[in-house]
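Quick notes on the structure that follows.
Chains as they are written, first to last, in the numbering used here: chain P, -11 to 238; chain W, 4 to 89.
So this is what it looks like as structure tokens:
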């Protein structure tokens, strides 16, 4: 039998240092945009640039929804890049990276101000040079932040999940650990021992380290050699995405 | 220390070929690739698993975050390449 487990984490809309969380996605600035367009070399743009017009516009206009109606076009990158405006002067370009759940502020410029011309050719030049979209440094910062959240949440959530499974022996308890990895746990009591079955929903993109952390969080007392692969969960077959493991725990 | 970032392409393509012959779904091939990977690298992974379990027992979140981010540079490179390909 399957019971409900932990609820997925819902981030409330809140400002933080490197990102601004808007529920199912977050707002971020690319490093190139921060340094070259905003002349900012720190790590906390949503704190240090909170008063900047384009950051205020980003929060105000992209908090309600990640997309917009007016695009910067034509672009060679093949992505829908939206115009972001604040007053007559401040212009930005944003892209909703749906795969990673981020609205990126890709570029910023002042539009037709004190002798400066139309800012949109600048955005198009960046696109033509392959400099508009986020680069490795942007994803590294994103993944490091998410890894930190992942390990902070997974240990505590795994403990709650295991406690829930122990309190309902024979029932399958399901959770999405750290809002990222779906797992199921069934605990059965065998004499004085606990037999623990765990199913983990896998993906091609899951990093090996993350898989090991999930497994270690759910079998913290065991060595890897003491954990067996299982071809089914108690009472059901595995889904095509699942791998299952079991171990006796004293 | 584990150096493999994600499922290696040779393991994936081997599982895909075997799965295609047997008429398996993409998801079944992916989990088969994971099974193969875990089996083939069990000894190497055992040390990393023990390190992760130890860090959980100690509650060392800083070291756990470092462990989780070991392959972050490779993952970031791959993500940046992928958005330019798609």
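For glycine and all other residues, C-beta sits at the position ideal for the given N, C-alpha and C.
- Between the segment 20 to 39 of chain P and the segment 82 to 102 of chain P, the count of Cβ pairs shorter than 8 Å is three or higher; the stretches touch.
- Sequence-ordered contacts of the segment 133 to 148 of chain P with chain W read 135, 136, 138, 139, 140, 143 [C-beta pairs closer than 7 Å].
- Judged by DSSP in its simplified three-state form, residue 156/P adopts coil rather than helix or strand.
- Ranked by Cα distance from residue 196/P, the options 30/W, 55/W, 31/W, 29/W are led by 55/W.
- Judged by DSSP in its simplified three-state form, residue 221/P adopts strand.
- DSSP places residue 168/P outside both helix and strand once states are collapsed to three, so it counts as coil.
- Residue 186/P is bridged by DSSP to 173/P, 233/P.
- Within the segment 179 to 195 of chain P, the residues whose Cβ lies closer than 9 Å to some Cβ of chain W are 190, 191, 192, 193, 194, 195, listed in chain order.
- Taking 8 Å as the CB threshold, residue 131/P lines the interface with chain W.
- Contacts between residue 208/P and chain W, judged by CB atoms closer than 7 Å, involve 56, 59, 60 in chain order.
- Annotation: residue 39/P has no Cβ neighbours in chain W at a cutoff of 7 Å; minimum Cβ distance is about 30 Å.
- Between the segment 144 to 164 of chain P and the segment 105 to 120 of chain P, the count of Cβ pairs shorter than 8 Å is below three; the stretches do not touch.
- It is roughly 42 Å from the alpha-carbon of residue 36/W to the alpha-carbon of residue 30/P.
- Here the alpha carbon of residue 208/P sits roughly 10 Å from the alpha carbon of residue 58/W.
- An exposed status is given to residue 57/P, since fewer than 16 other beta-carbon atoms sit within 10 Å of its beta-carbon.
- Taken in chain order, the whole beta strand (DSSP E) runs of length 3 or more contained in the segment 9 to 75 of chain P are 14 to 17, 69 to 74.
- Residue 216/P carries a strand assignment under DSSP once its states are collapsed to helix, strand and coil.
- Inter-residue distance for residue 129/P and residue 180/P is about 47 Å (C-alpha atoms, whole angstroms).
- CA-CA distance, residue 82/P to residue 69/P, rounds to 5 Å.
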